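Protein chains in written order, with the numbering used here: chain X, 61 to 513; chain H, 61 to 513; chain Z, -6 to 144; chain S, -6 to 144.
Yeah, the Cβ is synthetic: ideal placement off N, Cα and C, and Gly gets one too.
Remember, predicted model here, so these are calculated numbers, not experimental data.
Structure first, commentary second.
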């Protein structure tokens, strides 16, 4: 396959800037498709060219497969990078690119079907012998009640097409099932244009650990794991690599399961296999595979030294992975904090608006991925994440110290942010000890507000 | 001595931002004294408060000792940080601070006299048994001719009060002496308000190597050396740490000479002892001591992990250095490129103006110290340095690779910059081999222009 | 000439301030800006609120009222990104040419998105001054398609 | 009210554009800006070109012509940074008070820089509207000292 010369970026925000960074380093031109609300965004300035896809709301711009492909063709792009979210795991986009003779920088339509549809994904996990959380799909309340009776409460309803916590609902008892099912289905429809959901047993105490996969379709490698247990309402907030306190056997088991799964579905691209880990029982369950670059990929880049976007492009170009597993060495510890424009004092409500001052300190070991600059407008239409701080140090303590300094020193003004919450997490002894589970943040928040024990 | 609570920063540009960064990390407030031309600078936005000292020209603002001290008193500051250049080694400012009961974050007036006045500094070096380049002072052409007869040609005329190459002139033969002396004296007067100069034998092939000193007045430590041989007209352009290819014996000799000198003059603060190194003969000569933080301090911070500004503040607060020499470990290799707003295609003439786009990539191992942002104005009154890129890697090759990527990917538009020259240096096999001397850049420039061999 | 970037700058300035009125004169151009609920903003290109979804070739897309007055004409912006066609099919007469009178409903061109043809109407009555976007090339959302002298 | 930051924003905008004229009306305030060598800029606070060096207490500092018209008055900016004194010595009558008539040479206050007293004159004829900078406090270069209604 020919080298890629011009990439159409079908995304926005920090990941658009991130993709442009690597493209520039590789000498590849970029065309950024922006919504009207993102016309003046940093990504639009940094791309070789920006074209306006449509009005602000995502469904009229970033989520329009036809417009994206037309824009890519019309601007002479030979590849499309979908980033994360939006159309990143949309089989229709991958198919349309294939039809239009454009390289989709991601897995094949077949891979997307195998991994992107969570029900199919569970089937493949079963076939591959990868342990699964008990659950099943439900297209109606009757079917949901049936699955619930089999797996018991509490349970989680998840969007089949989902990701990022959207369309995800916890149900604690049978009488809440109908309402939560309705809400999950309408959220899923709104977020993904697909209201299919499935039910899964809720693991009350577990850690979210995921394994980064790189595969050229023949060689399947992992680039270590990430721990993403610090979540609020299934939205990851803090991620780190490696996962603290895993036994070598457990870690090896995760790597083996993740690569087995990827190999089983013939995966070719970058992806992540997510697990729920029950540390006490040294057990883990397959959750899903994300067939795209992830928000938290920089922590893996920090400890491996790999440029994952560059590898993703190389694989899309058809180049074989000229790496062996032993070439991927994990060095030190990295932590990422997601800074969101949200008001933590008012139930985390989004805080769009004009950023009057944006400045991040040049601390050794700190990387900042962001589309913020002084004067930037945060539109109300999209995700509230505005920056990722990634601290890398020789060990976890050093990474936390760097992160603490960054959180104190940075300036992000004009909007409310969750910076103080990150400061509280970094200063919390339970987080410092390492290995918190997915219930951790829900317990920390009342303590911080002073109305907990 | 009491902890410092509010620092008056008597400087501008990237070093003002750098000082604010550490002050914020330490919980210290900052007041930035700005000229009218710098009212809207990034530093003015980041400081707790900014006050306007006077009009744009430095002599009417940044160089006015009385105004600076009045501004520091009037804004309730308990300390003054002078940065580098401007009043950083001005004994009058240190004395005025002492008188006003304000901590001067730098050495004592006596130290400044011993180190800052280059003639006195040479005398101390002689006393301390540190090797010196042959030379002597000259207040008139007659005296200059006498010194020149003794040391021979080529020779260098240097400003007694000088630094940064200002007031420095090379004289190749006796008939050029009068003109160059005049020019050196008037440059020195314009730059430092002090026209005294001295003459020194010109070492035709040498490397500029300097040792970073930290001293609380009792404990004198070094933090390794920096090689600053890539210079254009005595202006450093690229610096690195450690210096490539020094023998362990030569390196140990430099450390010994630097700490001996600092101890001899009872130095207390951060400082740098500069040497000319003749690698072939394994010989070195004392040049001068800079009694301030230096532009190139980040390469030392990169390989030591120290925050030198924080140590400078701690020493100024009277806290003892709770470090031993063994605590300062040197890890990996770091390179700094100074990005200047200058037009390399037109004899490096300065290129002030409005920066339309400023963006630096968040590369792992890259630190960017800058006051640039999109829309920033570069006034014509000051130094043309607008950003420092510092690349740190496990070895020199890795640091160069990171720097090369940064130079390709960054965006600095609306003005001319020397980015391409840095790219050429990083790609040059002679630089890659390591250990170039101070003639290197003068030889590279014609080669790049295509009119050399 | 006012560039798009300058207009954006002015809007940003107005956006962040308490100004209620701004008048700008520059050569032929006279610019007046007012803030306040009772007055219409005669300046900002307005996006369609409805998504211009894929619809049958003949379906007329409601084009927003012309919004940028410059050089005596009003710009008709592309309601969606796609390939702009001057005529219903290759070789046919163009929908409109300079000098033609149009009403709000007159079809001025077609925007093709992945083989779906979306007709674009003028949205205002007037005389066509210029066909600004070339035939068969990509237009982005909001890009000027033609300029009209309003009646 | 126009704030200083807003004025700076406008100046930045003008600075980077090809505008030759800008009119701004806001309540009572009417602002007109023109670029071009033949016309004076009635808007930008002008810095003294001469450095206000340490000079004898009685030496009158040439204050630039008032430049910011706001609320009907003109601001007299501090020619240098220092402590502003309303009166020649503690307890004495102030140099000027609201309602006083001043000429260009009338001393309106003293700016002390490290024990050196620099007298500041009005620089224009008019009636004092307000003493804007407090007695005995730091004023920065360019800060408004008093406001004058020009004659």
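Asked: Which chain S residues sit within Cβ distance under 7 Å of residue 140 of chain H?; Found: In chain order: nothing, as chain S lies at least about 14 Å away.
Asked: So within the region 89 to 148 of chain H, which uninterrupted beta strand (DSSP E) runs reach at least 3 residues, ignoring any that extend past its ends?; Found: 89 to 95, 109 to 114, 139 to 141
Asked: Is the region 150 to 168 of chain X touching the region 204 to 213 of chain X in the sense that three or more CB pairs, one from each, lie closer than 8 Å?; Found: no
Asked: Which whole runs of the beta strand (DSSP E) in the region 189 to 241 of chain X are 3 residues long or more, in chain order?; Found: 195 to 198, 215 to 219, 229 to 231
Asked: Let me make sure I understand the geometry here. Which of S:140, S:67, S:91, S:87 has the alpha-carbon closest to that of residue 112 of chain S?; Found: S:87
Asked: For residue 288 of chain X, return the contacting residues in chain Z, with the cut-off set at a CB-CB distance below 7 Å.; Found: Those do not exist, as residue 288 of chain X stays about 34 Å from chain Z at its closest Cβ, beyond 7 Å.
Asked: What would DSSP say about residue 332 of chain H, mapped onto helix, strand or coil?; Found: strand
Asked: Alpha carbon to alpha carbon, how far is residue 432 of chain H from residue 413 of chain H? Give it in angstroms, no decimals.; Found: 12 Å
Asked: Look up residue 282 of chain H in the DSSP assignment and give the residues it is bridged to.; Found: H:273
Asked: Is the shortest distance between the beta-carbon of residue 68 of chain Z and the beta-carbons of chain X less than 9 Å?; Found: no
Asked: Measuring only between beta-carbons, confirm whether residue 494 of chain X sits less than 9 Å from chain H.; Found: no
Asked: 9 Å is my cut-off, CB to CB: does residue 120 of chain Z come that close to chain X?; Found: no
Asked: Hey, residue 422 of chain H and residue 443 of chain X are a contact pair by Cβ (cut 8 Å); roughly how many whole angstroms apart?; Found: In fact, because the Cβ distance is near 19 Å, the residues do not count as touching under 8 Å.
Asked: Note the first and the last residue of the continuous alpha helix (DSSP H) segment covering residue 467 of chain X.; Found: 456 to 469
Asked: Using a Cβ-Cβ cut-off of 8 Å (strictly less than) and excluding sequence neighbours within five positions of residue 62 of chain H, which residues of its own chain qualify?; Found: 138, 377
Asked: Quick check: the Cα distance between residue 150 of chain H and residue 126 of chain S, rounded to an integer number of angstroms?; Found: 32 Å
Asked: What is the DSSP secondary structure of residue 267 of chain H, counted as helix, strand or coil?; Found: strand
Asked: Going by DSSP, what residue range makes up the beta strand (DSSP E) through residue 448 of chain H?; Found: 445 to 453
Asked: For the region 467 to 481 of chain H, enumerate the residues whose C-beta is nearer than 8 Å to any C-beta of chain X, in chain order.; Found: 468, 469, 471
Asked: So, are the CB atoms of residue 307 of chain H and residue 497 of chain H less than 9 Å apart?; Found: no
Asked: Curious, which full-length alpha helix (DSSP H) runs of at least 4 residues does the region 377 to 453 of chain H contain?; Found: none
Asked: When the cut-off is 9 Å and only beta carbons count, does residue 434 of chain X lie next to chain Z?; Found: no
Asked: How far does the alpha helix (DSSP H) with residue 309 of chain X in it reach, from first residue to last?; Found: 308 to 324
Asked: Under a Cβ-count criterion, where at least 16 other Cβ atoms within 10 Å of its own Cβ denotes burial, should residue 448 of chain H be classed as buried or exposed?; Found: buried
Asked: Does the pairing of the region 359 to 368 of chain H with the region 247 to 258 of chain H give three or more beta-carbon distances under 8 Å?; Found: no
Asked: Would you mind telling me which residues of chain X sit closer than 7 Å to residue 202 of chain H, beta carbon to beta carbon, in chain order?; Found: By Cβ distance, chain X contributes nothing, its closest Cβ being about 51 Å from residue 202 of chain H, past 7 Å.
Asked: Would the beta-carbon of residue 340 of chain H be found less than 8 Å away from any heavy atom of the ligand SAM?; Found: The ligand SAM is not part of the structure shown, which contains no ligands of any sort.
Asked: Using beta carbons (cut-off 9 Å, strictly below), is residue 414 of chain X in contact with chain H?; Found: no
Asked: Is any beta-carbon of chain X found at less than 9 Å from that of residue 52 of chain Z?; Found: The predicted model places residue 52 of chain Z with a pLDDT of 33, which falls under 50 and marks its position as unreliable; any figure quoted below should be read in that light. No, residue 52 of chain Z does not count as interfacial toward chain X.
Asked: For the structure I just gave you, are there three or more beta carbon pairs, one from the region 328 to 345 of chain H and one from the region 196 to 204 of chain H, closer than 8 Å?; Found: no
Asked: Taking 8 Å as the threshold, find out whether the region 460 to 468 of chain X comes into contact with the region 366 to 374 of chain X through three or more Cβ pairs.; Found: no
Asked: Strictly below 7 Å CB to CB, what residues from chain S border residue 134 of chain H?; Found: 76, 131
Asked: With a threshold of 9 Å between beta carbons, is residue 239 of chain X in contact with chain Z?; Found: no
Asked: Use the C-beta contact count for residue 76 of chain Z: other C-beta atoms within 10 angstroms, 16 or more gives buried, fewer gives exposed.; Found: buried
Asked: Name the residues in the region 386 to 408 of chain X whose C-beta lies less than 7 Å from a C-beta of chain H; which are they?; Found: none
Asked: By Cβ distance below 8 Å, which residues in the same chain neighbour residue 411 of chain X in space, the five residues on each side in sequence not counted?; Found: 401, 402, 403, 438, 444, 475, 476, 477
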